[in-house]
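Report on the structure given below.
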Amino acid sequence: MLGFPQVSRRSADGFGPRKVDWSLLVIDFHLGHKLIRGPTQRNKYGLKTSPMKLDGVFREKRDMSILSLEVFAPSNAGQTPNAQENELVALFYTFQILESEAPMCRVACVDSTQMKRRSFPSLTLDIFPSELDLINSIVDVVVDLDPDILVGWDVQNSSWGYLAARAHSFGIEFEETIARAPPRYSSGNNFQWESRHTTTLKIAGRHVFNLWRIMRSEQTLNIYTFENVAFHVLGQRVPKYSPLTMSNWYRSTSPVHVAILLRYHTKRTMLNIEILNQTEVVTKTAEFARVFGVDFYSVISRGSQFKVESFMFRMAKPESYVLISPSKSDVGKQNAAECLPLIMEPQSSFYTSPLVVLDFQSLYPSLMIAQNMCYSTCLGRVIDFQGRNKFGVVDLDRPPKRLEKLHDHINVAPNGIMFVKPTVRKGLLSRMLTELLDTRVMVKQAMKGYRHDKALTRVLNARQLGLKYIANVTYGYTSASFSGRMPAVEMADSIVQSGRETLEKAIAFIHSTKKWGAEVVYGDTDSMFIYLQGKSREQAFKIGYEIADAVTALNPAPVKLKFEKVYHPCVLIAKKRYVGFKYENIDDREPIFEAKGIETVRRDGIPAQQKMTENCLKILFRTQNLTEVKQYCYETWTKLLENRAPVQDFIFAKEVKMGTYSDKGPPPPGVAVAAKRTIVDPGDEPQYGERVPYVIARGEPGTKLVDRAVDPLEYLQDPHSSLDGFYYISRVLIPPLERIFNLVGADVRQWYNEMPKARHIDLKSPSKAGDAQVIELDQYNISEHFDRSECLICGNFTLQGDRCYSM
DNA sequence: TAAGCAACCTAC
DNA sequence: TAAGGTAGGTTGCTTA
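Each residue of the first sequence is one higher than the last, beginning at 1 in my numbering.
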C-alpha cells in the first residue's frame, strides 16, 4: 500500500475507496446538519426547485428525478411494432422528482388528422410536423428536464429502445445526444450478457431502468406482464390491448378510440413511476449503494461478489491489506470442498401436537466472528494435504516455529484448519461482520425512534436490509468456486463444518435433556424442528424459549439460537418441504398458513393446483377430518369435469431462456409455445428469462406433452380444442395431494377412481364463449375494468357509456 | 421397467 | 467479457 495516495473522506476529487464510516449509516447525515432552504423557484415546466444550504454552502438540492417513457407506433397485420419499419406517431412521458409534488405528464405526437380532429381535455398534447421533429422534441425534453433515471416497462423492444432505434434510422446518435457526459468507450461490452440481464441501452450519466426486469428480481410473480405487475404491486386493473387493436384505433375515425389510446399510454408512463415508488426501488438502490460503497447502477447490474469486495476493500485499505488477484486458472486449481451442511431426513408425518421451530440467527457470519475466521488469520492445515498447505488459491508459507510460538492462541476448526485467536490478530472479515451485525441492530433501533417519519423509516429499513445482505453473502464470497475473485474453500469448509457441528451438538443436547420431552424431527443447515408430543401450544412456547436460551448459552458469542415459531399442526413431507399453521406469539389466536417448498409456493404448477392443495391442507388442519377433505376433492373434480372451472386456473407459466436449450430431445413446453409465437410475430419473441404462459390441450393419444402445449389466447380462439382434463387431474392435481395425504393414510387417487361420476362429461367446452369472457375479465382485464367510472376521453367522473356528457 | 438426464424452482 | 454457494424434489422424456 506504500505510495497509495492518501484520500481524506471529504476530498471531493479523491479516488480509491473511502473508509467505512459506520456511524453515518446509523444516523442519516442530513439530520446532523441544519438544512437551510433557499428561495423556491420554478423551472420552465413549473416544477419547484429549491437550493439547500448544507455545511454553510448553498447547493441545489437534488432529489433523484425520473422520466418514464412509452411509445406508440402503429403496425401492420397485428404484428408487434418493428422499429425497422413502423414509424413512431406518439410519445408519452411522465416526469417526477422523488419526494416532490405531482408528476408531470405529456403527450407528443406527429401531426395527423386523428390528432387534429379534436382536443383531448386533461391531456397536454404537443404536436409536431414529422417523426423526426417528434424525436428531436424528446431529446430537448431530456436535456431540459435532465432526469437521473430513464424508465420504461420494456426498454429493449419498446419505450426508450424503440425510440433510440428510430432515432438511429435518422442518423441521430441518440444515446450520445441525451447523455450527460461524453460516452465511455469501454472495450468489454457484452451485448448478450447485457440483453439477458439488464439492458442494452446505455446513456452516459443517466440510469436506464428496464422496469420489467427490475420487477422480476423484486417480486415473486407467476408472470411479469405489465398488467400483472400493476395488479399485484398497485392493486390496479389495467387493460391490455393487442397491437392490432391499437393500430386499428389509431387509423379509425373514432375520436373515442384515439382518446383511449392516448390516455392508455399516458397512464402506463404514470404507472411505471408508481410501481417504482410503491416498491421503493430507488430508495433501496440508493441506500444499498451507500451501504455497499458502490455506485447506484452497480447495485442493480452487478452481483454479490462485487459488493462484498467493495465493502471488504474499504475495510482492508486502512489496515494496509491488499486483496490478492489470482488468475482464473489459480482459482480453478483450488482443492475440492469437503464439507456439507446438515440436512436431516425429516420424519415425514402429520404432527398434531405443537412443533417448535428454532434457528440460529445469522449462523455463518456468527461462526466467522466467533472463530475469528478470515483470510488474514488463517494458519492453514494442522497436517499438510498432498504434501502442500494450500489455502484457497495460494500456498501458505508458514515460517517454522510459528505454530510453536502461537501454541495457545489458535482455534482449530472442525475440518482441521487453524485460525489465530482474536487476541493475536482480529480478522478483517470477523471485524467487518461484527460491525455489520452490530450496526444493523443500531439501525433497527433508530428506526423505532423515527417511526412517525415515513421517509426516514424507509431509508433506515433499506439500510438495515443492505447490511443484512452483505453479512449473508460474505460466506458465499469465500466459497465462490467457479467465478470467485478470491475464494478460499478451506475457510468455506471450516464455516460449513462448524455450522454442522453446532447444529449436531444442539440436537444432541436437546435429546439429552429429558425434562423437555423434545424430539428434533427435522433440521436444515441452521434450523431445528422440535416435536413436543402431548404438550399444549402454551407449553411449547415456553419450552421453545427455554431451549433457545439454553443452547445459546452453550455456544460462543455471538452465536444465538432464536425462537422462530410454533407449527400446530404441521406436515413434514420431505427435505425442504413442509407446511403448517404458524403461531409466532404465544397470544396469537389465528394461525397463519405457511408452506415451504411444496406446490402451493411454487410457480411451475398451475393456480388450480395451488388452490386445491392449500384448501385441502387447511381443511385437514382445521378439522382433521379426512371425510371433509374427500368431500372437497369431489366437489373440485366435479366442477372441473363439468367444465365449470375458469381456464386461467389451468395456465402454466415458466421461464424461458431462448438460445440456451440443447438440440437433443424436445424443448420444454414453454419454449415450444414461444417459438411458435415468434414465427407468427417475430417481434413477439420472449425476452431472456420471461415467463411464457401455456395450457395443455387434448391431443392424439401418445403425443408428447410439448406438442399439446398451446398459447392460452390461441387456445381460446380455437373452437375445436379443449383442455386435457385427464392430464390436469391425474398428473397435476392429484400427485401433490397424494404425497401429503399418503402420510395420513389416505389414497387420493383411489378417491378419484371411486368418485361417482354421474355421467361422463366431456371436458370439451360446450361454449367457449364462457371461458373467453372469464379469461378476458380476470386475466387480461378488458377495458370494462379500466377506470370504470372515469370518462375515457376527459377523465371526468360523469360517465355515460364510454364517455361523458361533455364530449 | 429402471436409471439417467435436462429443466425448473425452491430452501437455506 | 460477468457470473455467491449447495441440496433437494418433481416432471417428462430417452436410453439401457
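Don't be surprised by glycine CBs; every beta carbon is placed ideally from N, CA and C.
Within the continuous beta strand (DSSP E) that includes residue i, where are the two ends?
i    : result
A179 : Careful: A179 lies outside any beta strand (DSSP E) and carries neither H nor E.
D359 : 355-360
H568 : 561-574
V656 : 652-656
Give the straight-line distance between the Cα atoms of residue i and residue j, rounded to the nearest whole angstrom.
i    : j    : result
G235 : T94  : 20 Å
V744 : Y728 : 24 Å
F594 : E173 : Per the sequence presented here, residue 594 reads as Glu, with Phe not at that position. Between E594 and E173, the C-alpha separation is close to 53 Å.
R603 : K284 : 26 Å
D154 : I273 : 14 Å
N742 : M270 : 51 Å
G699 : D724 : 8 Å
M312 : T200 : 30 Å
F170 : A83  : 12 Å
I260 : T198 : 32 Å
H168 : D144 : 21 Å
R644 : L132 : 53 Å
S325 : M486 : 7 Å
R749 : W637 : 12 Å
M755 : E635 : 10 Å
R314 : L24  : 15 Å
P239 : V256 : 16 Å
V151 : I275 : 11 Å
V139 : P147 : 12 Å
S481 : Q334 : 8 Å
I606 : G449 : 44 Å
A204 : T177 : 10 Å
S494 : K390 : 14 Å
M368 : E490 : 13 Å
When you compare each of the options to residue i by their alpha carbons, which one comes out closest?
i    : options                : result
T502 : G745, Y522, N555, D524 : N555
V357 : Q334, Y241, Y567       : Y567
G392 : L367, K401, K444, K328 : K328
L163 : Q96, L98, F92, R180    : F92
V20  : E338, L428, P414       : L428
I214 : S301, S159, I203       : S301
L379 : Y477, F482, Y321, V424 : V424
A370 : P121, D493, S498       : S498
I135 : W160, A462, C616, R216 : W160
P318 : M432, I343, A413, V258 : M432
Q445 : T434, N461, G605       : N461
F809 : G659, V706, K664       : Outside the displayed span of the chain (1 to 807) sits residue 809, for which this structure offers no information.
E546 : I275, W516, L532, D526 : W516
D126 : N615, C109, S662       : C109
Tell whether a beta-carbon distance below 8 Å holds between residue i and residue j.
i    : j    : result
W22  : T552 : no
K576 : G597 : yes
Q609 : V732 : yes
S75  : Q96  : no
L459 : M418 : The identity of residue 459 in the sequence shown is Val, whereas the question assumes Leu. Against a cut-off of 8 Å, the Cβ pair of M418 and V459 comes out as no contact.
V420 : I410 : yes
V710 : V673 : yes
M373 : S298 : no
A574 : P341 : no
Y578 : P591 : no
A336 : A492 : no
F306 : I470 : no
What residue range is occupied by the uninterrupted alpha helix (DSSP H) comprising residue i?
i    : result
G332 : 328-332
T269 : 255-279
Y634 : 626-641
G544 : 537-554
R589 : Taken as a continuous stretch (DSSP letters only), R589 belongs to no alpha helix (DSSP H), as it is neither H nor E.
D21  : Counting along the chain, D21 falls outside any alpha helix (DSSP H), and DSSP gives it neither H nor E.
F486 : First, the amino acid is wrong: residue 486 is Met here, not Phe. From DSSP, M486 is part of no alpha helix (DSSP H); its letter is neither H nor E.
> In the stretch 413-471, which residue ranges form an unbroken beta strand (DSSP E) of at least 3 residues, counting only runs that do not cross its ends?
Replying inline: 417-420
> Which runs of the alpha helix (DSSP H) fall wholly inside the stretch 116-158 and span at least 4 residues, in chain order?
Replying inline: 131-145
>> Quick check for students: name the residue ranges of the alpha helix (DSSP H) that lie wholly in the stretch 201-227, counting only runs of 4 or more.
In response: 211-218
>> So within the stretch 336-403, which uninterrupted alpha helix (DSSP H) runs reach at least 4 residues, ignoring any that extend past its ends?
In response: 363-370
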